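2 protein chains.
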Amino acid sequence: MEETFVVQALSALAQRNRLQLFRALVVAGPEGLTPGALAEALAVPGATLSFHLKALLQAGLISQERRSRNLIYRADYAQMNGLLGYLTENCCQGQPCTALPVPACAC
Amino acid sequence: MEETFVVQALSALAQRNRLQLFRALVVAGPEGLTPGALAEALAVPGATLSFHLKALLQAGLISQERRSRNLIYRADYAQMNGLLGYLTENCCQGQPCTALPVPACAC
DNA sequence: GCCATATTTTTATGATCATCGAAATATGGA
DNA sequence: TCCATATTTCGATGATCATAAAAATATGGC
Chain A
49 MEETFVVQAL SALAQRNRLQ LFRALVVAGP EGLTPGALAE ALAVPGATLS FHLKALLQAG
109 LISQERRSRN LIYRADYAQM NGLLGYLTEN CCQGQPCTAL PVPACAC
Chain B
49 MEETFVVQAL SALAQRNRLQ LFRALVVAGP EGLTPGALAE ALAVPGATLS FHLKALLQAG
109 LISQERRSRN LIYRADYAQM NGLLGYLTEN CCQGQPCTAL PVPACAC
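Chains as they are written, first to last, in my numbering: chain A, 49 to 155; chain B, 49 to 155.
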């Protein structure tokens, strides 16, 4: 995993609106959510929401699919797991650590 | 875990210098590293380094201890694990997921 | 007490980010 | 084709961040 990608992904998550957005999508699971549903859930104006969804999308943390008139956003669990794993890589030079279970979400 | 803390921690990690700093401390393990060693390892001026160490410290991701003339910085593994767990909390409403192993580093 | 070393704080500058109203665009149905 | 709905892009504003030189501070040894 690229350091540049990791920084971008962490930047994307390091903001209240976007963190809530991402978590909502993580909880929603494979069905995902539309911008409309998210805007209502988080009580954020459409333009602001779109701005933040774009950031998460460009960071590769969520995906977008058109479903007729709606868009559907979903969390990208693979990227998320890669990101989490990166932070603990080579922890303690392997020495006194419990073998690092990379956090897995297999939705 | 507080959302405010999570955002601050993610912000702290969402920067190249700080990410490298944190990872270096994660790899270093319980012995930690001094600012001098870190400055040399990352090739960053002292003032810049100190600025970033402070951010990680205030975010609770690392700890500081004075050891005579040197300071020693260490990664805070508990906070890191809490942070990682937060991102996957309530994933997919519990449904089709492999039970979430929270990533553990027990250094 | 005084010096050398290690580290932090101050300060200034330029760069990037968050917000959201208004305008623009896409989509499906009539 | 034309309208209504869903969503995004544009644009302006204020706020926050990264950098690093220079000055300030802490520590231990002499």
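From the three backbone atoms N, C-alpha and C, an ideal C-beta is built for every residue, glycine too.
Note that the coordinates shown come from a computational prediction; the quantities given were computed from them, not determined experimentally.
- In this structure ALA123/A is in contact with LEU73/A, their Cβ atoms being roughly 4 Å apart against a cut-off of 8 Å.
- Under the Cβ criterion of 8 Å, GLY108/A is not counted among the residues facing chain B.
- With its beta carbon at least 8 Å from every one in chain B, VAL92/A lies outside the interface.
- Annotated as distal: ALA76/B and LEU109/B, with beta-carbon spacing of 8 Å or more.
- DSSP places GLN112/B in the uninterrupted beta strand (DSSP E) bounded by 110-115.
- With distances taken between CA atoms, ARG117/A lies nearest to THR82/A out of THR82/A, LEU105/A, MET49/A.
- Straight through space, the alpha carbons of VAL54/B and TYR134/B are spaced by roughly 8 Å.
- In the DSSP secondary-structure assignment, TYR121/A is bridged to LEU81/A, GLN112/A.
- Using a Cβ-Cβ cut-off of 8 Å, GLN63/B counts as an interface residue toward chain A, since at least one Cβ of chain A sits closer than that to its own.
- With 16 or more other Cβ atoms from the protein chains shown falling within 10 Å of its own Cβ, THR136/B counts as buried.
- Spatial neighbours of GLN127/A in its own chain (CB-CB distance under 6 Å, excluding positions within 5 residues in sequence) are listed in chain order as GLY108, LEU109.
- In the DSSP assignment, GLN56/A falls within the alpha helix (DSSP H) that extends over 51-61.
- In chain order, GLN112 place their CB closer than 7 Å to the CB of LEU105/A, counting only its own chain and leaving out the 5 sequence neighbours on each side.
- Cβ atoms of LEU101/A and LEU69/A come within 8 Å of each other, at about 7 Å.
- For ARG64/B and GLU51/A, the gap between their C-alpha atoms comes out near 8 Å.
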